[in-house]
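Novice: Let me begin by handing over the structure; questions about it come next.
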Amino acid sequence: GEAQLQPIDLNDVVAEALELAQGDLSLRNISVSTTLAKDSVAVRGDRIQLQQVLLNLIMNAADAMNAIPRDERHLSIVVGSNIAGQGLVSLADRGPGIPSDRLEKLFEPFFTTKEFGQGTGLGLTVVKGIIEEHQGSIVVESGEGKGTTFTILLPQADGQ
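And the structure:
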C-alpha cells in the first residue's frame, strides 16, 4: 500500500523489528549486538514498511549464516546518523559473503543468491523500492568469506 509517512524514531523501529525476529534468531543460534543512537534519530517514514525492510534484511542475514558454524553466527546492527544528516541503519552479518559478480544484480527482480527453491528473488527488490519511496538509499558491501553489510540511509524528519 501507499506509505503513510510520519516522523518515527529509527531506534524504535529497529527494536520492534528485532522483537519480531527474536524467536527465529534464537532458534538459529544467532547472537545480535545492537548499537542504538544516543539521541533519537527521527526520519519521515512508514513504520510498518520500514519494519518490513528490516525484517527482510535480518532474515536474509540469518539465512546466509546457516552456512557457518552455530557459535560464529552474529548479526550487528547500528543506528545513527551520518555527516550529511541522514538517519542510518547498518546490518552486518558474519555469513559467507556475496561474490562481487553477484553484487551488482542483488536488487534486480528474481535474482537470488539462495539455493534453488529457497528464495523468490523479490525481497531485496521490494526493500530497495520501499527505501527509495522514502527518498532514501541502500548500499551493500560484501566480500567472499567476509560477511555482508547493508546500510540504509534515510532523510531525517523536518526539524532534525
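Using this note's numbering, the first residue of the sequence shown is number 3, and each one after it goes up by one.
C-beta atoms are modelled at their ideal positions from N, C-alpha and C, and glycine is treated no differently.
Thinking C-alpha only, which one of V15, S102, I154, L77 is nearest E135?
Specialist: Against the sequence shown, residue 135 aligns to sequence position 133. Of V15, S102, I154, L77, the residue nearest in Cα terms is I154.
Novice: For I70 and D160, what's the separation of their Cα atoms in angstroms?
Specialist: The residue you call residue 70 lines up with position 68 of the sequence shown. The residue you call residue 160 lines up with position 158 of the sequence shown. In a straight line, the C-alpha of I70 is about 43 angstroms away from that of D160.
Novice: Could you name the residues of the same chain whose beta carbon sits closer than 7 angstroms to that of R49, not counting the 5 residues immediately before and after it, in chain order?
Specialist: By 1-based counting over the sequence shown, the position of residue 49 is 47. I10, V15.
Novice: Give the single residue among G97, S42, Q53 whose Cα lies nearest to the Cα of K148.
Specialist: As a working mapping, residue 148 is identified with position 146 in the sequence shown. Answer by Cα proximity: G97.
Novice: In chain order, which beta strand (DSSP E) runs of at least 3 residues are fully inside the stretch 35 to 84?
Specialist: Qualifying beta strand (DSSP E) stretches, in chain order: 44 to 47, 76 to 83.
Novice: Using a 10 Å radius around the Cβ and a threshold of 16 neighbouring Cβ atoms, would you call G87 buried or exposed?
Specialist: Taking the sequence shown and counting its residues from 1, one reaches residue 87 at position 85. Its Cβ having fewer than 16 others within 10 Å, G87 is exposed.
Novice: Pop quiz: L57 and L90 are said to be a contact at Cβ under 8 angstroms. What is the actual Cβ separation, rounded to whole angstroms?
Specialist: Mapped onto the sequence shown, residue 57 falls at position 55. Mapped onto the sequence shown, residue 90 falls at position 88. With a Cβ gap of about 18 angstroms, L57 and L90 do not count as contacting.
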